[in-house]
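See structure below.
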Amino acid sequence: MTVKNFLYVNRKAPYGTIYALESLEVVLIGAAFDQDVSLAFVDDGVFQLTKGQNTDGIGVKNFSPTFRALGDYDVTKLFVEAESLAERGLTPDDLQEVMYEDEDDDWAEKPSIKIISRAEMADVMAGADVVLSF
Amino acid sequence: MKFGVVVSEGPYTHQAADSAYLFVKAALEAGHEVPRVFFYHDGVNVSTRLSVPPQDERNIQVNWTALAKEHEVDLVVCIAAAQRRGLLDENEATRQGKDANNIADGFRISGLGQLIEMGIQTDRLVTFGD
Numbered sequence: 139m140t141v142k143n144f145l146y147v148n149r150k151a152p153y154g155t156i157y158a159l160e161s162l163e164v165v166l167i168g169a170a171f172d173q174d175v176s177l178a179f180v181d182d183g184v185f186q187l188t189k190g191q192n193t194d195g196i197g198v199k200n201f202s203p204t205f206r207a208l209g210d211y212d213v214t215k216l217f218v219e220a221e222s223l224a225e226r227g228l229t230p231d232d233l234q235e236v237m238y239e240d241e242d243d244d245w246a247e248k249p250s251i252k253i254i255s256r257a258e259m260a261d262v263m264a265g266a267d268v269v270l271s272f
Numbered sequence: 312m313k314f315g316v317v318v319s320e321g322p323y324t325h326q327a328a329d330s331a332y333l334f335v336k337a338a339l340e341a342g343h344e345v346p347r348v349f350f351y352h353d354g355v356n357v358s359t360r361l362s363v364p365p366q367d368e369r370n371i372q373v374n375w376t377a378l379a380k381e382h383e384v385d386l387v388v389c390i391a392a393a394q395r396r397g398l399l400d401e402n403e404a405t406r407q408g409k410d411a412n413n414i415a416d417g418f419r420i421s422g423l424g425q426l427i428e429m430g431i432q433t434d435r436l437v438t439f440g441d
């Protein structure tokens with residue numbers, strides 16, 4: 139099968155709209171197709187990865203733990219835009235830890251989240267064959 | 312050129328479903344191929360045959376159904392998104408124990424795999440949404 143670079147661009151906060159959840163659903167289904175998958179988090183999308191999310195008060199499911207399972211689906215490239223974090227008063231320490239086991243490196247645990255600049259994010263987008271924006 | 316198209320906003324509130332329709336129509340008329348359109352998020356609402364807009368307004372669902380029939384475009388409605396929003400075909404209505412179904416001719420309900428497959432098999436994926 140053809141292998142393409144799929145890039146899922148997450149632009150919205152995790153709750154308030156369904157975009158983030160339905161994006162994650164595509165990523166999980168898409169993992170079965172053995173494509174080269176990356177996720178980008180920009181604008182309010184960076185809030186999707188914040189740690190300590192608690193949705194008890196709003197009656198919707200807290201799906202943030204699902205990000206930590208992405209490594210099991212060979213989804214190991216989560217690009218977070220530094221400027222988007224900074225503009226929202228967030229630092230990398232505000233994000234949850236997402237790790238994967240690198241099968242090419244004796245299953246060493248490595249972080250999936252990479253903080254990159256806006257200019258680098260443009261390169262990531264330019265390098266993708268298929269961009270799905272949520 | 313082979314295009315895949317995603318519609319991710321609902322009809323009438325957003326222009327996405329209209330713009331996508333006009334894009335697909337123009338692409339086909341220009342000799343391109345559009346094998347499939349995938350309706351996701353509120354875009355699934357385009358597929359209800361029960362919407363009755365005023366007579367002097369365009370009917371977005373009817374437009375899509377006609378286009379699909381004329382050019383054999385595969386109109387796929389995401390099942391997970393559709394179930395959340397009350398869009399059911401006959402099989403789903405029976406399976407879920409509901410007393411009605413509302414999917415229009417030309418549309419079919421299927422899974423997100425169809426979206427990924429479309430991304431793999433087309434030259435360009437074009438999303439219409441916000």
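Respectively, the protein sequence lines represent chains A and B.
Under my numbering, the first residue of the first sequence carries the number 139, and numbering increases by one thereafter.
Under my numbering, the first residue of the second sequence carries the number 312, and numbering increases by one thereafter.
The beta-carbon is built from N, C-alpha and C at its ideal position, and this holds for glycine as well.
Bear in mind the structure is a predicted one, so any value in this text is a computation, not a measurement.
Label residue i either buried or exposed according to how many other C-beta atoms from any shown protein chain fall within 10 Å of its C-beta, with 16 as the threshold for buried.
| i | result |
| --- | --- |
| isoleucine 408 of chain B | One detail in the question is off: residue 408 of chain B reads as glycine in this sequence, not isoleucine. With fewer than 16 Cβ atoms within 10 Å of its Cβ, glycine 408 of chain B is classed as exposed. |
| proline 322 of chain B | buried |
| threonine 438 of chain B | buried |
| valine 198 of chain A | exposed |
| glutamate 320 of chain B | buried |
| glycine 354 of chain B | buried |
| methionine 259 of chain A | buried |
| leucine 378 of chain B | buried |
| asparagine 402 of chain B | exposed |
| leucine 361 of chain B | exposed |
| alanine 338 of chain B | buried |
| glutamine 366 of chain B | exposed |
| glutamine 326 of chain B | exposed |
| threonine 324 of chain B | exposed |
| alanine 257 of chain A | exposed |
| glutamine 440 of chain B | Going by the sequence as given, residue 440 of chain B is glycine instead of glutamine. So glycine 440 of chain B ends up on the buried side. |
| arginine 406 of chain B | exposed |
Quick one: measure Cβ to Cβ for residue i and residue j, integer angstroms, because I've assumed they're closer than 8 Å.
| i | j | result |
| --- | --- | --- |
| cysteine 389 of chain B | tyrosine 332 of chain B | So it is not a contact: roughly 18 Å between Cβ atoms. |
| phenylalanine 217 of chain A | serine 161 of chain A | About 14 Å; that fails the 8 Å criterion. |
| alanine 411 of chain B | alanine 404 of chain B | 6 Å |
| valine 164 of chain A | leucine 426 of chain B | 6 Å |
| leucine 159 of chain A | leucine 187 of chain A | That belief does not hold up - the Cβ atoms of leucine 159 of chain A and leucine 187 of chain A are roughly 14 Å apart, past 8 Å. |
| alanine 151 of chain A | phenylalanine 185 of chain A | 5 Å |
| valine 213 of chain A | alanine 246 of chain A | Going by Cβ atoms, the distance from valine 213 of chain A to alanine 246 of chain A rounds to 17 Å, so no, they are not a contact pair. |
| valine 348 of chain B | valine 335 of chain B | 6 Å |
| methionine 429 of chain B | glycine 342 of chain B | Incorrect: roughly 20 Å between the Cβ atoms, too far for contact. |
| isoleucine 254 of chain A | alanine 220 of chain A | 7 Å |
Which same chain residues end up closer than 8 Å to residue i when comparing Cβ atoms and leaving out the 5 residues on each side of it in sequence?
| i | result |
| --- | --- |
| aspartate 149 of chain A | At residue 149 of chain A the sequence reads arginine, which differs from the aspartate that was named. The residues are Tyr157, Val180, Asp181, Asp182, Gly183, Ser271, Phe272. |
| aspartate 174 of chain A | Val141, Lys142, Asn143, Phe144 |
| alanine 391 of chain B | Gly422, Leu423 |
Using C-beta distances below 7 Å, list every residue in its chain close to residue i, excluding the 5 sequence neighbours before and after it, in chain order.
| i | result |
| --- | --- |
| phenylalanine 418 of chain B | Ser358, Leu386, Val388 |
| asparagine 370 of chain B | Pro364 |
| lysine 248 of chain A | Met237, Tyr238, Asp240 |
| isoleucine 196 of chain A | Tyr153 |
| lysine 380 of chain B | Gly417 |
| valine 269 of chain A | Leu145, Val147, Met263 |
| threonine 229 of chain A | Leu223 |
Output, in chain order, the set of chain A residues within a Cβ distance shorter than 7 Å of residue i.
| i | result |
| --- | --- |
| leucine 398 of chain B | Within 7 Å Cβ-Cβ: nothing; leucine 398 of chain B doesn't reach chain A, min ~14 Å. |
Got a sec: is the Cβ-Cβ distance from residue i to anything in chain A below 8 Å?
| i | result |
| --- | --- |
| histidine 352 of chain B | yes |
| threonine 324 of chain B | no |
| alanine 391 of chain B | yes |
| glycine 422 of chain B | yes |
| threonine 376 of chain B | no |
Kindly list the residues whose CB is nearer than 6 Å to the CB of residue i, restricted to its own chain and excluding five residues on each side of it in sequence; keep chain order.
| i | result |
| --- | --- |
| aspartate 400 of chain B | Asn412, Ile414, Ile420 |
| asparagine 374 of chain B | Tyr332 |
| threonine 193 of chain A | Asn200 |
Can you pull the chain B residues whose beta carbon is under 7 Å from the beta carbon of residue i, in chain order?
| i | result |
| --- | --- |
| threonine 140 of chain A | Ile431 |
| phenylalanine 144 of chain A | Gly430 |
Quick one: list the residues of chain B neighbouring residue i, beta-carbon separation under 8 Å, in chain order.
| i | result |
| --- | --- |
| tyrosine 157 of chain A | His352 |
| phenylalanine 171 of chain A | Gly424, Ile427, Glu428, Ile431 |
At a CB-CB cut-off below 9 Å, which residues of chain B make contact with residue i?
| i | result |
| --- | --- |
| phenylalanine 205 of chain A | The premise fails here: phenylalanine 205 of chain A is roughly 18 Å from chain B at the closest Cβ pair, so nothing lies under 9 Å. |
| valine 111 of chain A | This structure cannot settle anything about residue 111 of chain A, because the visible part of chain A is limited to 139 through 272. |
Does the beta carbon of residue i come closer than 8 Å to any beta carbon on chain B?
| i | result |
| --- | --- |
| glycine 168 of chain A | yes |
| valine 213 of chain A | no |
| glutamate 247 of chain A | no |
| valine 164 of chain A | yes |
| glutamate 160 of chain A | yes |
Can you name the residues of chain A whose CB is closer than 8 Å to the CB of residue i?
| i | result |
| --- | --- |
| leucine 436 of chain B | Val268, Val269, Leu270 |
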